[in-house]
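Novice:
Residue numbers (the numbering used here): 3 to 774.
#1: Need the endpoints of the beta strand (DSSP E) that residue 732 sits in, please.
#2: Below 8 Å on the Cβ atoms is my contact criterion, and I expect residue 50 with residue 213 to pass it. Report the Cβ-Cβ distance as a whole number of Å.
#3: Do you know offhand how far residue 504's Cα is from residue 29's?
#4: Taking a contact to mean a Cβ-Cβ separation below 7 Å, would you say residue 158 touches residue 221 in this structure?
#5: Rounded to the nearest angstrom, how far is the Cβ of residue 583 from that of residue 566, given a contact under 8 Å?
#6: Mapping DSSP to helix, strand and coil, what is residue 723?
#7: Please report the straight-line C-alpha distance between residue 509 and residue 516, rounded to a whole angstrom.
#8: What does a CB cutoff of less than 6 Å around residue 733 pick up in its chain, not counting 5 residues either side in sequence?
#9: How many Å lie between residue 575 and residue 544 at the Cα?
#10: Just verifying my parser: in three-state terms, what is the DSSP assignment at residue 76?
#11: Rounded to the nearest angstrom, what separates residue 372 and residue 39 at their Cα positions?
#12: By Cβ distance, which residues of its chain are closer than 8 Å to residue 573, with the 5 residues on each side in sequence left out?
#13: Please identify the residue among 403, 445, 718 whose C-alpha is closest to the C-alpha of residue 433.
#14: How many Å lie between residue 477 and residue 715 at the Cα?
#15: Give me the Cα-Cα distance between residue 697 and residue 749, rounded to the nearest whole angstrom.
#16: With a CB to CB cut of under 7 Å and the five nearest residues on each side skipped, what residues in its chain are close to residue 191?
#17: Between which residues of its own chain and residue 186 is the CB-CB distance below 6 Å, once the five residues before and five after are set aside?
#18: What is the DSSP secondary structure of residue 625, counted as helix, strand or coil?
#19: On a CA-only basis, which of 437, 456, 486 is nearest residue 410? Give me that one, please.
#20: How close, in whole Å, do the beta carbons of residue 62 and residue 90 come, if the pair is a contact with beta carbons under 8 Å?
#21: Taking only three categories from DSSP, how would you classify residue 85?
#22: Quickly, what does DSSP pair residue 744 with across the bridge? List them, please.
#23: Helix, strand or coil for residue 863, going by three-state DSSP, please let me know.
#24: In this structure, does DSSP put residue 200 in helix, strand or coil?
#25: Cβ of residue 694 within 7 Å of Cβ of residue 400?
#26: Which of the three DSSP states, helix, strand or coil, is assigned to residue 464?
#27: Helix, strand or coil, according to DSSP, for residue 708 in the structure here?
#28: Can you give me the C-alpha to C-alpha distance between residue 541 and residue 563, rounded to a whole angstrom?
#29: Distance, Cα to Cα, residue 532 vs residue 717?
#30: Hey, could you find the ends of the beta strand (DSSP E) residue 697 is sitting in?
#31: Name the two residues that bound the continuous alpha helix (DSSP H) containing residue 136.
#32: Considering only their Cβ atoms, is the gap separating residue 453 from residue 756 smaller than 7 Å?
#33: Exposed or buried, residue 52, counting other C-beta atoms within 10 Å across all chains shown (16 or more means buried)?
#34: For residue 443, report the span of its alpha helix (DSSP H) as first-last.
#35: For residue 467, which residues of its own chain have a beta-carbon under 7 Å away from its beta-carbon, when the five flanking residues on both sides are left out?
#36: Helix or strand or just coil, what does DSSP make of residue 750?
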């Protein structure tokens with residue numbers, strides 16, 4: 003599946019396929035995620051197998067409960083029940099051991115035993131030759147589990163593959179939590195415990211059928227777990243409205259690469275080729291370049307300063323060949339003229355700094371101080387090239403790298419320490435981009451991935467926190483290492499990326515542990531809020547159009563909703579208990595306003611006593627609860643007395659009732675104003691995991707920068723964390739939208755790679771400038 007399909011359409015509304023959020027999972031984080039998966043697996047399987055074994059064991063009574071002298075027929079069900087009772091205590095530990103061993107073998111790519119014997123049809127080889135009926139029944143159950151789990155689809159398999167750290171291949175992916183491994187573990191366990199009794203086949207069949215819905219539910223639960231841990235966000239197409247982007251294809255239906263004749267990498271970033279196309283069109287419309295100035299011609303041949311850290315040397319001198327022999331060095335590429343232009347520009351830049359320092363009467367700092375600068379030197383470099391009168395070296399490279407650095411240096415939410423680190427890396431990234439165009443065109447290039455990863459990990463770094471100090475020290479070390487080792491070969495960025503990934507792998511594992519501790523409580527709050535909303539809706543439908551006394555309305559809005567939501571959480575919204583509680587609500591509303599028909603009084607006398615007893619129970623035991631109960635029951639007594647004193651056998655006479663007021667048509671809603679009011683709600687809905695939001699502290703407190711880490715399954719809870727995974731704050735969608743409306747919260751940095759974000763803004767600026 004191509005994860006770089008062209009996206010987006012308008013300048014302020016682009017379509018995103020979230021599969022592009024896939025990232026590599028390190029070994030430490032993967033091990034932690036697998037432990038979480040196993041804990042969920044055994045929690046669900048233990049309960050299901052316990053019930054299934056209870057069902058098998060119930061066919062034969064316990065010896066202590068059996069009547070003395072009673073002879074029980076040895077039926078197959080009784081024989082199975084007795085066998086299960088003898089070995090049941092060993093089942094759970096044996097099954098866990100088998101599943102763990104099979105999972106470890108799966109992670110180590112050890113073939114299954116049946117595959118080693120050359121038997122490809124695993125489900126057909128699970129049983130021995132023997133009882134044909136039992137064999138067919140077991141095969142049918144196993145195939146049913148395979149068919150049920152196969153429906154979970156592409157997303158879960160893809161996320162599991164990422165967690166298992168397996169590369170995509172043409173062979174079918176065997177999910178370790180699929181039916182195959184579960185059935186193997188069940189088969190091995192049942193053979194070990196009940197093979198001698200000849201009962202292992204029916205026991206396994208019963209367990210497979212009992213576990214089939216549990217395995218399906220487990221897949222959905224694990225899929226949600228992976229999404230909560232930012233393993234390949236939701237595979238869906240949606241709209242994001244904060245960063246603009248141009249069309250994704252060239253005129254005429256072709257790609258930008260085809261329109262410009264640019265050679266495409268195996269995975270070509272469409273944004274890069276949009277920049278190529280736009281700049282190429284601008285260059286064709288540009289005026290002729292001025293002639294070379296004599297004052298700068300001499301500087302063009304000047305030798306760079308001795309010891310200048312910006313001196314790259316010859317363009318091919320540092321591009322080491324694996325053999326290390328001089329004769330194997332690649333010949334100069336067609337862009338050698340651009341390289342010489344870069345050499346001259348760097349010399350001019352160094353000479354201008356030294357001259358400026360000398361004229362100011364200060365010691366010449368040279369370019370060494372430039373490495374600590376927190377501003378991009380590329381505009382100065384580009385100006386120096388223009389002053390020399392030469393053709394700009396590689397306009398696309400300069401524009402994009404400059405935009406990338408501007409995205410860092412102009413970011414108000416990055417600490418100065420991070421900007422200083424990127425300041426030391428701006429010349430190395432320019433050098434790498436000039437010599438290898440795939441740095442900019444291929445989103446998976448190791449140089450680009452290093453900068454994308456470093457930028458994403460730097461957001462929210464707090465230099466006053468010990469946890470973040472370690473990261474900043476590592477980033478500074480890697481920047482110095484790249485500067486020092488770049489001339490030795492092209493592996494400097496690859497080495498730096500490996501070190502950064504190793505550090506972030508352990509950091510993400512610790513982050514996931516903190517997230518796992520915080521989510522159960524928030525999930526419970528999400529379930530409670532959803533149950534309350536469902537209960538509130540059900541009660542509102544029952545009392546719609548009725549005039550209720552304030553005390554009754556207050557009871558239904560508080561205690562009534564609480565009672566019904568508790569039943570919804572425990573038994574479900576379609577359970578008999580739920581329907582019974584709604585019947586109590588109906589009886590309450592009818593009891594103080596019954597129908598005025600013959601026989602209604604007798605019915606009311608039968609309904610009131612059990613209704614009052616039911617409504618008197620379940621109140622909080624605190625003082626406030628007792629007071630509310632007393633007020634409610636007193637008012638209900640008055641309403642019932644009034645209802646009983648009302649004649650029931652007379653029709654209601656409302657001849658003097660005034661005519662209802664005429665219905666006045668409401669004006670049509672202003673759609674533009676409604677859309678503007680809903681814009682903050684759309685911003686909340688479009689938040690992606692990894693987006694950083696800024697929250698105003700108020701009362702002189704500093705602005706809080708927090709990462710959007712989790713959205714509850716029912717969408718009622720939003721979790722924001724610090725960079726280390728500790729909880730920063732929680733919001734509901736309504737409260738966050740209100741904060742957006744009031745300007746107390748805003749999206750600070752989107753979870754979009756640095757290069758992509760910079761190129762999109764570059765395209766937007768150029769597009770706006772072209773329309774002026």
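Ideal Cβ positions, reconstructed from N, Cα and C, are used throughout, including at glycine.
Specialist: Per the coordinate set shown:
#1: As a first step, residue 732 must be located in the chain shown, where it is residue number 730. Per DSSP, residue 732 belongs to the beta strand (DSSP E) from 729-733.
#2: Here residue 50 refers to the residue found at position 48 of the chain shown. Here residue 213 refers to the residue found at position 211 of the chain shown. The Cβ separation is near 6 Å, so the contact holds.
#3: Residue 504 sits at position 502 when you count from the first residue of the chain shown. Residue 29 sits at position 27 when you count from the first residue of the chain shown. Those two C-alpha atoms are separated by around 9 Å.
#4: As a working note, residue 158 is residue 156 in the chain shown. As a working note, residue 221 is residue 219 in the chain shown. Yes; because the gap between Cβ atoms is below 7 Å, this pair is in contact.
#5: Your numbering for residue 583 matches position 581 in the chain shown. Your numbering for residue 566 matches position 564 in the chain shown. Correct: roughly 5 Å between the Cβ atoms.
#6: Within the chain shown, numbered from 1, the residue matching residue 723 stands at position 721. Residue state, collapsed to three classes: strand.
#7: Position 507 of the chain shown, counted from the start, is the residue given in the question as residue 509. Position 514 of the chain shown, counted from the start, is the residue given in the question as residue 516. Each residue's alpha carbon lies about 11 Å from the other.
#8: Your numbering for residue 733 matches position 731 in the chain shown. So the list reads 720, once near-sequence residues are dropped.
#9: Looking up residue 575 in the chain shown gives position 573. Looking up residue 544 in the chain shown gives position 542. Approximately 15 Å between the Cα atoms of the pair.
#10: Here residue 76 refers to the residue found at position 74 of the chain shown. Residue 76: coil per DSSP, three-state reduction.
#11: Reading the chain shown from its first residue, position 370 is the one you call residue 372. Reading the chain shown from its first residue, position 37 is the one you call residue 39. Note on residue 372: pLDDT 37, under 50, position unreliable in the model; the coordinate value appears next. Whole-angstrom Cα-Cα distance: 49 Å.
#12: For the purposes of this step, residue 573 is taken as residue 571 along the chain shown, with counting starting at 1. Taken in chain order, the residues that qualify are 579, 580.
#13: Residue numbering aside, residue 433 sits at position 431 when the chain shown is read from its first letter. Cα-wise, what sits closest to residue 433 is 403.
#14: In the chain shown, counting from the first residue as 1, residue 477 sits at position 475. In the chain shown, counting from the first residue as 1, residue 715 sits at position 713. Computed Cα separation, rounded: 36 Å.
#15: Reading the chain shown from its first residue, position 695 is the one you call residue 697. Reading the chain shown from its first residue, position 747 is the one you call residue 749. Going by the C-alpha atoms only, they are around 9 Å apart.
#16: Residue mapping note: residue 191 aligns to position 189 of the chain shown, counting from 1. Within the same chain, residue 191 has close Cβ partners 93, 96, 97, 100.
#17: Locating residue 186 in the chain shown gives position 184, counting from the first residue. These residues qualify, in order along the chain: 104.
#18: For the purposes of this step, residue 625 is taken as residue 623 along the chain shown, with counting starting at 1. Residue 625 falls in the helix class under three-state DSSP.
#19: Position 408 of the chain shown, counted from the first residue, corresponds to residue 410. The candidate whose alpha carbon is nearest that of residue 410 is 456.
#20: Walking along the chain shown from the start, residue 62 turns up at place 60. Walking along the chain shown from the start, residue 90 turns up at place 88. So it is not a contact: roughly 13 Å between Cβ atoms.
#21: Translated into the one-based positions of the chain shown, residue 85 becomes position 83. Reduced to three states, the DSSP call for residue 85 is helix.
#22: As a working note, residue 744 is residue 742 in the chain shown. Note: residue 744 sits in no beta bridge, so no partner.
#23: Here the chain covers residues 3 to 774 and nothing more, so residue 863 does not appear.
#24: Locating residue 200 in the chain shown gives position 198, counting from the first residue. If DSSP states are grouped into helix, strand and coil, residue 200 belongs with coil.
#25: Stepping through the chain shown from its first residue, residue 694 is reached at position 692. Stepping through the chain shown from its first residue, residue 400 is reached at position 398. Result no, Cβ atoms of residue 694 and residue 400 do not sit closer than 7 Å.
#26: Within the chain shown, the letter at position 462 stands for residue 464. It is coil, neither helix nor strand.
#27: Within the chain shown, numbered from 1, the residue matching residue 708 stands at position 706. Here residue 708 sits in strand by DSSP.
#28: Taking the chain shown and counting its residues from 1, one reaches residue 541 at position 539. Taking the chain shown and counting its residues from 1, one reaches residue 563 at position 561. Answer to the nearest angstrom: the Cα atoms are 8 Å apart.
#29: Mapped onto the chain shown, residue 532 falls at position 530. Mapped onto the chain shown, residue 717 falls at position 715. Distance between the alpha carbons of residue 532 and residue 717 is about 9 Å.
#30: Counted from its first residue, the chain shown places residue 697 at position 695. Its beta strand (DSSP E) spans residues 694-697.
#31: In the chain shown, the residue the question calls residue 136 occupies position 134. Segment 134-152, the alpha helix (DSSP H) holding residue 136.
#32: Within the chain shown, the letter at position 754 stands for residue 756. Within the chain shown, the letter at position 451 stands for residue 453. Closer than 7 Å, so yes.
#33: Position 50 of the chain shown, counting from 1, holds the residue named residue 52. Exposed, since its Cβ has fewer than 16 Cβ neighbours within 10 Å.
#34: Against the chain shown, residue 443 aligns to sequence position 441. Per DSSP, residue 443 belongs to the alpha helix (DSSP H) from 440-443.
#35: Working through the chain shown from its first residue, we reach residue 467 at position 465. Answer for residue 467: no residue qualifies.
#36: Residue 750 sits at position 748 when you count from the first residue of the chain shown. Strand.
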